[in-house]
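Enquirer: Just so you know, the protein sequences line up as chains A and B, in that order.
Residues 1 to 746 (the numbering used here) make up the first sequence, in order.
Residues 747 to 901 (the numbering used here) make up the second sequence, in order.
Glycine residues also receive a C-beta, built at the ideal position from the N, C-alpha and C atoms.
Quick one: this structure, given as structure tokens, is what I'll be asking you about.
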Amino acid sequence: MKTTTENLGIEIGSTSKGELNRRDFLKMSGLAGAGLVISIGLFDPRTAKGAIAPEVFEPSAYLKIGNDGKIIIMSKNPEIGQGVKTSMPQIIAEELEVDWKQIEVIQAPLDNKLGDQFAGGSTAIKQNFTELRKAGAAAKEMLIEAASRKWKVPLNQCYASEGFVLRKNTDEKLSYAELADDAAKLNVRENPKLKEKKDYKIIGKPLAGVDNEKIVTGTAEFGLDARPKGMVVASVERCPVFGGKIKKVDDTETLKIPGVEKVILLEATTNPTRMVAGVAVIAKNTWTAMKGRKALKIEWDFQGGEIESDENLKKQLEQNINTKGEVLRDDGNVDEAFAKAAKVMEAIYEAPFLAHAPMEPMNYIADVRADGVDVWGPTQVPGSVRQLATIITGLPADKIKVRMTRVGGGFGRRLMADYAYEAITISKAIGKPVQVVWTREDDMQHDFYRPSGMFKMKGAVDQNNKLIAWKINASTTSRYAFRGASDPAYKTEVFPDGFPAGFIPNFRMEYLPTQSKVPRGAWRAPGHNITAWLDQSFIDEMAALAGKDPVAFRLEILGEEDKEMPYSDHGGPVYSTKRLKNVIMLTAEKSNWNQPAPKGMYRGFAAHFMFGAYVAEVVTLSMPSPEAIKLEKVVCVCDCGIVINQSGAMNQLEGGIIDGLSATLNGAIHIEGGKAKEGNFDDYRLLRMKDAPNIEVHLVDSEEGPEGLGEMSLPPVSAALCNAIFAATGKRIRKLPINLSSKPTT
Amino acid sequence: MATFSLTINNEAHQVDVSPETPLLWVLRDELNLTGTKFGCGKAQCGACTVHLNGNAVRSCSLPVSAAAKGKITTIEGLPKNASSPLQQAWIELDVPQCGYCQVGQLMSATALLAKKPNPTDADIDSAMSGNLCRCGTYTRIRKAIKLAAQKGGKS
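Have a look at this one:
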């Protein structure tokens, strides 16, 4: 059942092609005593492709105005740190005309009435902006109508402000609570009038996260904190080699440990989702389960997977970049251009597998009973979890209750529901509520890694030092190839329309996937997290070849005339060179690029368009010794259209920069004997406080529609860092992570 | 199994667990104090930071037997109304993203300010570099510590 596998490997990436016809609709129902309930339909372009079962993606948002004075906004999407639990309700509150302090935000469970509920592709704000505003505005208009009927005055004599409807030229006013029941009886407003940006009071404000107080008192509930009655804990010893099976298990010693209840075998599956072969130890608490697991004696059948290694993968990648691949773009004639060029440069770039390693290790709770299933835990795809539960238990979707907690980081890892599948499988087998808890080692050794890749780049300038040719032969361990997706393997690995394509008369891009048993998945800014490094590093090489300033060289290529460039991937159908040039010029200005760098400081530049947003960055570093980098400062300018929450937006951009620097400096999962070598934060190192640079973020004041922000600042920072190292040392970094013999110093 | 008497947030608790059980799992699974987080299990990330006699320690790597004689403070021992200068600074500067590591960050920062009410950048680097934040909120954490220090230091 290939389609099911694809359905459950939810991917946002580049599969949606721009704006399709919207199927917006508003529905309203009055609940007895509950006041006014509004849900709005949201169109999801992916449903048009039939990729996802419709009942999971019947989309909507939710708002409740109680006749008790409470205004509750249900936050429908998983909160993984991207800030939607604050920013999405902000949009509704703006049009509703309430004081933000009146709002209580509640995390919604998975609910067909709420429709599309997931976190991926930085899509929540962009796709829901109009609909969320309509939800707020429709409610406001109905409250105004209720007041006008009560007062028996024309609608235009009434207006809304801060949770009240007021009557013009009088002191009369009615609170939303007083009007809620009457408003609920009115017909829904299909096309309410929306506010203009200049009148915004809540959108654009730097509002603090709605859960901040809970977070700083330790009372915010994450998946790992849920404690259903009668819950036991499972710790699973998984086959260390990718693709292996269980041969023999001796659990004698494990079962002797007080508190261990049971040992269950989990067979490897790939359908309906991937689950690694493992032995689950079920115990009364986490530590006992982990201890019981250590006492297992297991023989594995590695199924030949043990021959997989970095060395073997490198051979395949090398072979693929030196073989004619699928031609994804072919402008002009690169071969002729190289033959007559004044200067030609060729270079090979290489990027490793990366782990997601969110701070909250994978965990999930399932309570499978004959009459229904309760599941909860950290996930980016609650709809997929429900589908898995229906498949495993045979129960209909309406018997599956999916609760959502805060999620301790996602970064794409929790687009996969393998750990939820384990929990549901185990609970079904033992007939008890169970929490599956992964260790950090489990997380790092059984991730769906960022695909690795190798890229042969060739570029040329003519006698006037103009860039005339660009050729790329790319091969990656494509995640779509791993998943057996119907989309081509190159999708979300390389982007044939990305800059500088379209600006160079002779441009050719070829791609071949490299096969591997190593699991791969979406990692923050999929594809872009390599291509921005590649393109923005090699364009720097071309600038050096042409003897031109890197910023001036980019602007020269983009040209004086403003253009809308066709862009077929996620974030398209076009991108604007005007907006791209603007962030480039602003970044140059804010970083004093056109002044010489202070003595001992070295700067690197990069700019990138992805998922609809434009980001340019300058990294400044110093070199305390010839082989040590100290990150000094990062300046970032982002044009993401209208900004919903100034504070949240900047936090996302700052965080993406740290994440990108961390991966560029240290991130790599190495494969040896068919397993991941790294297992914890001592060998998979993340950037720490002492290494973090100052970060200065500027948001472009824009009238354009809002874009997401969870991923966009990450991709360009790798190139900006490597270009700064070139400025400091004259050495190009073409293999990640950066290998200077010592890493950033304090 | 053995019985241990623990003093946590000025309250006495008795637990019956095997002596090597890390304090983290005693807090979370035996006492339902789930504010303290599990991140790595080997003192690499700081998500599980609590105070033992006023010092920031990693509870994932501290056997309960070693904690039994000391005074333990967890995040639940900080003001429940988030009134400490550090908690207030965290809210005011909107530090958290996913929020998972922030409990550990706050416990490390609280221990720091108790000892050094006006920490330098180097003090902050040294006290806070054992706490990972995968979301990358380091610049805000630094600012929040400085803001709290200005506003009266210890919590």
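According to DSSP, simplified to helix, strand and coil, what is T741(B)?
Expert: An answer regarding residue 741(B) cannot be provided, because it is not within the stretch 747 to 901 covered by chain B.
Enquirer: To test your reading of the DSSP string, which unbroken alpha helix (DSSP H) runs of 4 or more residues are found completely within the region 338-401 of chain A?
Expert: For the region 338-401 of chain A, whole alpha helix (DSSP H) runs of length 4 or above, ordered along the chain, are 382-393.
Enquirer: Going along the chain, which unbroken runs of the alpha helix (DSSP H) with 4 or more residues stay wholly within the region 402-430 of chain A?
Expert: For the region 402-430 of chain A, whole alpha helix (DSSP H) runs of length 4 or above, ordered along the chain, are 418-430.
Enquirer: Counting only Cβ pairs nearer than 8 angstroms, list the residues of chain B close to S647(A).
Expert: Here the neighbours are D840.
Enquirer: Counting only the same chain and skipping the five closest in sequence on each side, list residues whose C-beta sits under 6 angstroms from that of R274(A).
Expert: For R274(A), where only same-chain residues beyond five positions count, the Cβ hits under 6 angstroms are D418.
Enquirer: Is the shortest distance between the beta-carbon of I754(B) and the beta-carbons of chain A less than 8 angstroms?
Expert: By this cut-off, I754(B) is not an interface position.
Enquirer: Expressed to the nearest angstrom, what Euclidean distance is found between the alpha-carbon atoms of A728(A) and K599(A)?
Expert: Cα to Cα, the separation comes out at about 11 angstroms.
Enquirer: Does the distance from the C-beta atom of M689(A) to that of I887(B) stay below 8 angstroms?
Expert: Yes, these two residues count as a Cβ contact at 8 angstroms.
Enquirer: Please compile the residues from chain A whose C-beta is within a distance smaller than 9 angstroms of the C-beta of A793(B).
Expert: By Cβ distance, chain A contributes M359, E360, G408.
Enquirer: Is there a Cβ from chain A that is less than 8 angstroms from the Cβ of G898(B)?
Expert: Chain A, which has no Cβ nearer than 8 angstroms to the Cβ of G898(B), makes this no.
Enquirer: Identify the residues that DSSP records as bridge partners of P809(B): which are they?
Expert: DSSP, once it has assigned bridges, lists P768(B) as partnering P809(B).
Enquirer: How about G409(A) and W523(A): are their beta carbons less than 8 angstroms apart?
Expert: Their beta carbons are not under 8 angstroms apart, which means G409(A) does not touch W523(A) by this criterion.
Enquirer: Which of helix, strand or coil does DSSP assign to C791(B)?
Expert: In this structure, C791(B) counts as coil in the three-state DSSP scheme.
Enquirer: Could you pull out every residue in the same chain whose Cβ sits closer than 7 angstroms to the Cβ of A208(A), ignoring the five residues on either side in sequence?
Expert: Hits under 7 angstroms: S647.
Enquirer: Alpha carbon to alpha carbon, how far is L558(A) from R732(A)? Give it in angstroms, no decimals.
Expert: Each residue's Cα considered, the two are about 24 angstroms apart.
Enquirer: What does the alpha-carbon distance come out to for the pair F605(A) and L467(A)?
Expert: One C-alpha to the other measures close to 18 angstroms.
Enquirer: Taking a contact to mean a Cβ-Cβ separation below 8 angstroms, would you say T477(A) touches L313(A) in this structure?
Expert: Against a cut-off of 8 angstroms, the Cβ pair of L313(A) and T477(A) comes out as a contact.
Enquirer: Can you give me the start and stop residues for the alpha helix (DSSP H) that S309(A) sits inside?
Expert: Neither: S309(A) is in no alpha helix (DSSP H) and is coded neither H nor E.
Enquirer: Could you name the residues of the region 764-775 of chain B whose beta carbon sits closer than 9 angstroms to any beta carbon of chain A, in the order they occur along the chain?
Expert: Going along the region 764-775 of chain B in chain order, one finds S764, E766, T767, P768, L770, W771, V772, R774, D775 with a Cβ nearer than 9 angstroms to chain A.
Enquirer: With a cut-off of 8 angstroms, does the C-beta of D211(A) fall near any C-beta of chain B?
Expert: Output row for D211(A): interface = yes.
Enquirer: With a 10 Å radius around its C-beta and 16 neighbouring C-beta atoms as the bar for buried, classify K198(A) as buried or exposed.
Expert: Looking at its Cβ environment, which holds fewer than 16 other Cβ atoms inside 10 Å, K198(A) is exposed.
Enquirer: Smallest Cα separation from N592(A): which of E696(A), D701(A), M610(A)?
Expert: The shortest C-alpha separation from N592(A) is found at E696(A).
Enquirer: Verify the CB distance criterion: does S805(B) have a CB-CB separation below 8 angstroms to chain A?
Expert: It does not: the Cβ of S805(B) has no partner Cβ on chain A nearer than 8 angstroms.
Enquirer: Can you name the residues of chain B whose CB is closer than 7 angstroms to the CB of E672(A)?
Expert: Near E672(A) there are no residues of chain B at all, since even the closest Cβ is about 21 angstroms away, more than 7 angstroms.
Enquirer: Can you pull the DSSP bridge partners for C158(A)?
Expert: In DSSP, C158(A) forms a bridge with R167(A).
Enquirer: Less than 8 angstroms between the CB atoms is what I'm expecting for P825(B) and A894(B), so what's the real figure, rounded?
Expert: So it is not a contact: roughly 13 angstroms between Cβ atoms.
Enquirer: If we count the other Cβ atoms within 10 Å of its Cβ and call it buried at 16 or more, is K783(B) buried or exposed?
Expert: Buried, by the Cβ-count rule.
Enquirer: To the nearest angstrom, how far is the alpha carbon of P660(A) from that of G292(A)?
Expert: Sequence inspection shows Gly at residue 660(A); the Pro mentioned does not correspond to that position. Near 38 angstroms, if we compare the C-alpha coordinates of G292(A) and G660(A).
Enquirer: Around the C-beta of Q463(A), are 16 or more other C-beta atoms found within 10 angstroms, so that it is buried, or is it exposed?
Expert: Q463(A) comes out exposed.
Enquirer: List, in order along the chain, the chain A residues whose C-beta lies closer than 8 angstroms to that of N778(B)?
Expert: Result: R227.
Enquirer: Can you tell me whether E97(A) is helix, strand or coil according to DSSP?
Expert: E97(A): coil per DSSP, three-state reduction.
Enquirer: Leaving out five residues on either side along the sequence, give the residues of the same chain with a beta carbon under 8 angstroms from the beta carbon of P519(A).
Expert: Same-chain partners within the cutoff: F242, R274, H446, D447, F448, Y449, F482.
Enquirer: Over the uninterrupted alpha helix (DSSP H) stretch that includes N128(A), give me the two end residues.
Expert: N128(A) -> alpha helix (DSSP H) spans 124-151.
Enquirer: Run down chain B in chain order and give the residues with a C-beta less than 7 angstroms from the C-beta of T379(A).
Expert: Per Cβ cutoff of 7 angstroms: no residues; T379(A) is ~13 angstroms from chain B at best.
Enquirer: Does any C-beta atom of chain A lie closer than 8 angstroms to the C-beta of K826(B)?
Expert: Output row for K826(B): interface = yes.
Enquirer: Note down, in chain order, every chain A residue with its Cβ under 7 angstroms from the Cβ of E757(B).
Expert: In chain order: nothing, as chain A lies at least about 15 angstroms away.
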